[in-house]
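Worksheet: the structure to be examined is printed underneath.
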Amino acid sequence: MSVRRVVPVLRSVSPARNREFYGLLGLHEVMDLGWITTLASPANPTAQVSFMTRDETAPVAPDVSIEVEDVDAVHAAVLAQGAEIVHPLRDEEWGVRRFFVRDPEGRVVNVVSHGSRH
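Throughout the sequence shown, residue numbering follows the working numbering, covering 6 to 123 in sequence.
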């Protein structure tokens, strides 16, 4: 299973203020859905951080996002191990397929692939 990027998801009451601050560190906005904003390094686009007020379609906000090549294969693997699925595997309207799983320490991991295969 191939991992494409790992992005910390930080809770935020003001993504705009964080965008300004982290802009001073050289990060630029690459996505803004209103409830989540992602900033990235222009020199290394996979170096990213996201700021989230809430999750639009899930019952909880994730702590980290891990983009994988095949989200369906990862979903099957974590199910086989008996991991707790916090948000079911689904296609989202903004072009990702994702699910949330709880890690052994209780953190919520958003496992995601871009572009639906279904």
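Glycine included, each C-beta is placed from N, C-alpha and C at the ideal position.
How many angstroms separate the CA atom of residue i from the CA atom of residue j?
i	j	result
N49	A85	35 Å
D68	R107	10 Å
V12	R22	19 Å
P64	G120	23 Å
T58	M6	30 Å
A45	L15	14 Å
Name the two residues that bound the continuous alpha helix (DSSP H) containing residue i.
i	result
V76	76 to 85
E25	20 to 29
Under the three-state reduction of DSSP, which class applies to residue i: helix, strand or coil?
i	result
R122	Only weak support is given to the placement of R122: the predicted model assigns it a pLDDT of 47, under 50, and the question is left unresolved by the model.
E61	coil
M6	coil
T51	coil
Can you tell me where the beta strand (DSSP E) with residue i in it begins and where it stops?
i	result
A88	That residue, A88, is in no beta strand (DSSP E); it is neither H nor E in DSSP.
S70	69 to 73
E110	Per DSSP, E110 belongs to no beta strand (DSSP E) and is neither H nor E.
E34	33 to 37
Can you check which of these residues, the options, is closest to residue i by C-alpha distance?
i	options	result
V114	F26, L38, G39, E89	E89
E25	E74, A81, V79, T42	T42
Would residue i count as contacting chain C if we go by Cβ distances under 8 Å?
i	result
L32	Any reference to chain C falls outside this structure, which holds one protein chain only.
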